[in-house]
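Structure first, then comments.
Protein chains: 2
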Amino acid sequence: MTVHVLWYVFLSGALALATAAVFSRLVSRIPVGQGQVTDAQKSKLEEISGAIAEGSMAFLNREYRVIAVFMAIFAIVVVALVDWTSALSFLAGAGISVLAGFIGMKAATRGNVRTTAAAMQSVAAAFRVALNSGAVMGFAMVGLVLVGLGLMYLILSAILSTQSPQHVMEALAGFGLGGSSIALFARVGGGIYTKAADVGADLVGKIEENIPEDDPRNPAVIADNVGDNVGDIAGMGADLFGSVAESTCAALVIGAVAFATDTQALLYPMLITAVGAPIALVSTFFARTGSERGIAPALKRALIVSSVLMAVAMWFVTMNVLPPAFDFYGAHYTALGVYYCFLAGLVAGLLIGIVTEFFTSHRYRPVQDVARAAETGPATNIIYGIALGYRSSLIPVLLIAITIFVGYFFAGMYGIAIASLGMLGTVAVALTIDGFGPVSDNAGGIAEMAGLGEAVRKRTDALDSAGNTTAAIGKGFAIGSAALTALALFSAFLVRSNVHSLDLLQPMVIAFLFIGALLPFVFTAMTLKSVGKAALAMIKEVRRQFATIPGLRDAYQLTQASLDKLKAGGMSRERLTRLHSILDKHYPSEEKLLAAVRELLVRYPPAVPDDQIKAVINEGVVKGKPDYRACVDISTRASLREMILPGAQVILTPIVVGGLFGAEALAGLLAGSMAAGVVLAISSANSGGAWDNAKKWIETGKLGGKGSDTHKAAVVGDTVGDPFKDTSGPSLNILIKLQAIISLVFAPFFAHMSALLH
Amino acid sequence: MTVHVLWYVFLSGALALATAAVFSRLVSRIPVGQGQVTDAQKSKLEEISGAIAEGSMAFLNREYRVIAVFMAIFAIVVVALVDWTSALSFLAGAGISVLAGFIGMKAATRGNVRTTAAAMQSVAAAFRVALNSGAVMGFAMVGLVLVGLGLMYLILSAILSTQSPQHVMEALAGFGLGGSSIALFARVGGGIYTKAADVGADLVGKIEENIPEDDPRNPAVIADNVGDNVGDIAGMGADLFGSVAESTCAALVIGAVAFATDTQALLYPMLITAVGAPIALVSTFFARTGSERGIAPALKRALIVSSVLMAVAMWFVTMNVLPPAFDFYGAHYTALGVYYCFLAGLVAGLLIGIVTEFFTSHRYRPVQDVARAAETGPATNIIYGIALGYRSSLIPVLLIAITIFVGYFFAGMYGIAIASLGMLGTVAVALTIDGFGPVSDNAGGIAEMAGLGEAVRKRTDALDSAGNTTAAIGKGFAIGSAALTALALFSAFLVRSNVHSLDLLQPMVIAFLFIGALLPFVFTAMTLKSVGKAALAMIKEVRRQFATIPGLRDAYQLTQASLDKLKAGGMSRERLTRLHSILDKHYPSEEKLLAAVRELLVRYPPAVPDDQIKAVINEGVVKGKPDYRACVDISTRASLREMILPGAQVILTPIVVGGLFGAEALAGLLAGSMAAGVVLAISSANSGGAWDNAKKWIETGKLGGKGSDTHKAAVVGDTVGDPFKDTSGPSLNILIKLQAIISLVFAPFFAHMSALLH
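Chains as they are written, first to last, in the numbering used here: chain A, 78 to 835; chain B, 78 to 835.
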């Protein structure tokens, strides 16, 4: 019967990987130069998307090198303080998460330009390409988690064959630690990267140099597009990879107490994700649309279908795999009760997504109120946005509290872990939808840079806008599951530490509860500062390029030699002046420059033959080429350097506190961190999302539209919100999870130190 | 021996009240029209200060009416759900807090104009008047707490003579509830009042109408000055009154378990404040200075002297009053241990003040960095300010955690309550210094409005600036003591509920821990919204007055009849045009208008005799008088209306949660609220303070000075920070304390409900 469950896990994992491979092929086989594309456009498309892909891989390569060093050192620490089997699964978890991230990034950087190409045909085609690109990440991640966990379980069982299943599961927890460590790099490092590039591109490009967004003359524009992938694809993927791996490990560790002899029931937690994979595949078929308005509903449909199917399927699985009734630390629970825990998590996840959308979409009142507050200036816009974020955490936190209560009530600590896996039951679909966003965003940027025209841009904008809506759902989902995952790990940590009641009236516990509540705030302050520093480095580089690269500011400028030639050719003074004034303007493409010159030639009668002028212009135009790579490099270096401090806080705090003050003090710290961290994470994400969409709502022509004072005030809010929603907020997910998994893995070390100190 | 301790409490209380009376007389006997004041200036001074006093009293009167209704209803609730003795001490506590607030406000509204008058002589004289005005509040408050608590103890002992001392102390806890309820009105209502008036005055006056700050033409200017008193005098006074009353009650309730038979030791907590009063009197003599630079050091000197003397005196008192060793819930503690608890609180309070000053004064790096961030616009200014606030909570929270640990370690739950009283040991001096601030601020405003000239304004500015520095210390102090007070009440609540260990692994406890952490955020969102609504009402009123009151915008305008008269008198067209252009400008005083007209008469040769013109102008000038009272009324009504929702949250949450889910769930909620609330309160206050002082630093001529783009960006930060530092931040003190004292007082109701439900 054991074989049966594990076989199913491997089968489902293989299916998910095969699905990812098929989607990847579906995307790749679309030619970049399709249909009405000119050769010039095709080479432009290839050039731009090549630069983005190159930048993304450059970031990954450098990040992987840093990660390799970190992993080696941390593995040694684990071996020294815990044991080598935990270190082994740590390395496996980290390695597999890196692989999942790599596959996702490859798919996204291939999918973006193909979405642009497909958008030249129809919305439906572009939608499919973007969705398929996202699906590669979603299914690859789920497949790799399943296969990885299953294999590691087999390996550890073989190595630790003389030990209890609990020992095996405790060693397996290292897998979650590995996944979460990579998430630290991806979320914190990626979050710093994306905002440094974004702020750098906006502040110098849009404000100082007054060139439009996604303009190819902006040296940071590629880094900005790379940032979308780094932050939203690699970051979100690693975050949810960590959640799934950690929740599963937590459930396995806790469950090992109850199901020591029943291996089928023991592996039940792995089955939840295994059941989810084929259901996710079915659900994606429901995400089809032909119209621009149908995009967001199609994405949501897939998520809801997936949830409903999961709810049904898991009833059968739970009732068949788990014993009808079982005992756990003296309490009596039932399989049906465990199913309720699963269901509570699943439903809470969906509801949190809906609430998040309500508070961050400009179709609803809250965001519109924030926009209206911008009418009295940036200050009121900011105050309303902060208040919205704080308020928006009410229902999600109540939902999490109810889920915690339901979980505990029906299956004790095990119930929390199962509720967490329930929330992650639709993770493949959630990741697919989430990957859709940055691919569409990139596709729009590429269309703009390649000068593909209004119609194409309109289609990619529709995709991007739908992606924004569903991104909000994904973010709420990521935070909610992080909270439950952290709590599941917290429970597993207490089980492993033999702490069966945690007295809040113990001085150490209450004192560290206060310190724990402090950590998310200090961490946020650090990540905000990191973004600031990295952005400053980027701003300097962009300014340097605009100042030193000839012809960059205007993209197309006549060389002095060409002008001299024209003058010598007998061009009139008036015409020459006109020519200069034309060249003083900005031209996003060479074509447009030539069109302007042609108009000049018609208006001012020729003193020089047209063809001669054209020839001179054609040969003499300086096409100022920005050094994209330098910007990508700056963002890469700065983000990896600036993540050291916040990263060190997250990793060292639990080890130091647990080592010096013991497991109970650490438990108080974790409780405080989780409670305050969840609220801060939700409010950071939602304030940021609300400011962003308030600005976008105004840009649709409301309250004076683009360029009005109200819009300017809203831009301030948007800029404030950026690091909160894309760096510090999502990074808090990692803070609460990583602290908890470190506690779980290092529990034996704390016990050892405690014995040593007392 | 009992008589001995209580006698001392009454004696010290009487001394404090006498001191307050003497300081009050010292202030009152200073004539408003002193020395070089002209009759016109004197009547102006009297008019303005009269309006402020009238506005302040109007607010108090209306607030008291609302409070009376609230107290009557809430007293009935307490009688119904708890017992009538608790209701009795609730009414006593509330009544005495109201009295303390009234005395403080009277002193402040008398002191402000006399500080202005004294500033015409010297800084030293003005400093003394402002300090003495603040001292009235400080000493009256401490005296009333001591006498009130002492009397209530005697009364309750007589009524409950058959009951145990524990019962008496539990009934006495109602006194703390009364004090804290008034603090709710004073802090939340006062906080909304002061910011509505401030924002209304600034947004319409400074920005729309372009008239300077504190200009008498601004209809909201009196409300703004009233707001300073309402927020900083009544608000801070009631807040700290609540802290002292509550901490004392908490210590008495907990101590009754250990010292049931030793009445001397039982009343030890009251002695701490009683020892503080004479020491505070001595310390004020150290606050003397003759120079502008010496003001802030003089204030700090008083605080440090008070701390040192307290540390010494309390050693003798503790060792003599408490038994050398005693048992408490099975643990063994010593008098020396209790002294350490006291000392930990005292030192932590002082250190928190110092850290707060470091993060909010523009003499140090953090605020200067926030100012520099304004160079790249308002968004970076906001981000840096928020990060500063989060970061600044690190050391204060660590200090609180250490104090908690020390308290618990040396004397269990009793130690926490004593540490809290230790932090409040210097409360009379702290309140004196704190009252100094708004009095100086008001004095500056009055000097400006009365047009007393540069020299006087410079002196009051120096006082105001020092007041700002020490206000930061006071705020940190208020938050720190609120945290410890709340924890002491939390402990007393658990003692009263017979909860001797609070298992965080109980589903209810952990679920409510999350919900508890949420409350400060939701509360902040509500208070921010309240400020927004109240400010909007004020803005509308100010706009209405500027639009409808003739001559208000320019303060002095010729009537049409006067102009016709001049024209008929043969005034030349050119001269008439000139006259009009002069009258189009703003004149802060009638004198300046006449000076301008005189200049006109010299430049343009007369066609009408000078005296005739003068006569016409003199009789025909419309002095547009703003309706100050309407603005005061709007702020008063709006603030009292808008505090209903946040107030209801604070009061109802513990009663509902405790009633429905029991004491342990409520304890989880309180723990979460305290942990998250303290961090949010500190960061709100410090972010706001930093933005304020970053702006002021720029106004001293740094980074481009007043009027530069950097300054404009800093003004945005200042406006964002205002409601955080003056409304939502300080209101969080009330949230955590009031929730805890309600839990303590209603504990029997929860037990009753629990028995009913199970």
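Even for Gly, the Cβ is constructed at its ideal location relative to N, Cα and C.
Candidates the options, of which the one nearest residue i by Cα
i	options	result
Thr562 (chain B)	B:Val822, B:Leu221, B:Ala817	B:Ala817
Ser574 (chain A)	A:Leu226, A:Ala740, A:Gly407, A:Gly308	A:Ala740
Ala496 (chain A)	A:Ala408, A:Tyr485, A:Gly754	A:Tyr485
Ile472 (chain A)	A:Glu131, A:Val109, A:Ala184, A:Asn763	A:Asn763
Ser126 (chain A)	A:Ala390, A:Ala524, A:Val334	A:Ala524
Asp795 (chain A)	A:Ser607, A:Thr625, A:Pro455, A:Ile493	A:Pro455
Arg714 (chain B)	B:Asp305, B:Ala421, B:Gly267	B:Gly267
Val572 (chain B)	B:Gly466, B:Ala95, B:Phe405	B:Phe405
Leu809 (chain B)	B:Pro374, B:Val265, B:Thr480, B:Gly521	B:Val265
Thr366 (chain A)	A:Ala203, A:Lys702, A:Phe567, A:Leu137	A:Ala203
Met526 (chain A)	A:Gly512, A:Ala260, A:Pro800, A:Pro296	A:Pro296
Ala164 (chain B)	B:Gly170, B:Ala152, B:Ser607, B:Met197	B:Ala152
With 16 other Cβ atoms within 10 Å as the buried cut-off, status of residue i
i	result
His577 (chain B)	exposed
Met78 (chain A)	Because the pLDDT at Met78 (chain A) is just 44, under 50, the model does not fix this residue reliably, and the value given afterwards should be weighed accordingly. The residue in question, Met78 (chain A), is exposed, as its Cβ has fewer than 16 Cβ neighbours within 10 Å.
Thr115 (chain B)	exposed
Ala157 (chain B)	exposed
Glu124 (chain A)	exposed
Leu821 (chain A)	buried
Gly754 (chain B)	buried
Ser469 (chain A)	buried
Trp84 (chain B)	exposed
Ala832 (chain B)	exposed
Glu140 (chain B)	buried
Phe436 (chain A)	buried
Identity of the residues DSSP links to residue i by a beta bridge
i	result
Thr537 (chain B)	BP columns for Thr537 (chain B) are empty, so no partner.
Tyr485 (chain B)	Paired residue(s): none; Tyr485 (chain B) is not in a bridge.
Ala408 (chain A)	A:Phe405
Interface residues of chain A facing residue i [CB-CB closer than 9 angstroms]
i	result
Ile150 (chain B)	Simply none; closest approach about 27 angstroms.
Ala614 (chain B)	None at all; the shortest Cβ gap to chain A is about 14 angstroms.
Ala98 (chain B)	In chain order: nothing, as chain A lies at least about 41 angstroms away.
Residue range of the unbroken beta strand (DSSP E) whose run includes residue i
i	result
Ala402 (chain A)	402-405
Thr338 (chain B)	Run containing Thr338 (chain B): none; DSSP gives neither H nor E here.
His829 (chain A)	No beta strand (DSSP E) holds His829 (chain A); the alpha helix (DSSP H) holding it covers 824-834.
Under 7 angstroms from the C-beta of residue i: neighbouring residues of chain A
i	result
Ser324 (chain B)	Per Cβ cutoff of 7 angstroms: no residues; Ser324 (chain B) is ~17 angstroms from chain A at best.
Residues that residue i contacts on chain B, provided the C-beta gap is smaller than 8 angstroms
i	result
Val599 (chain A)	Tyr467, Arg468, Ser470, Leu471
Asp580 (chain A)	Ser578, Leu579, Asp580, Leu581
Ile459 (chain A)	Ile459, Val793, Val797
Partner residues on chain B for residue i, Cβ-Cβ distance less than 7 angstroms
i	result
Pro584 (chain A)	Ile481, Phe482, Tyr485, Phe486
Ala588 (chain A)	Ala478, Ile481, Phe482
Lys606 (chain A)	Ala464
Residue i: first and last residue of the uninterrupted alpha helix (DSSP H) it sits in
i	result
His788 (chain B)	786-800
Tyr270 (chain A)	267-277
Asp518 (chain A)	504-526
Leu579 (chain A)	No alpha helix (DSSP H) holds Leu579 (chain A); DSSP gives it neither H nor E.
Gln118 (chain A)	116-158
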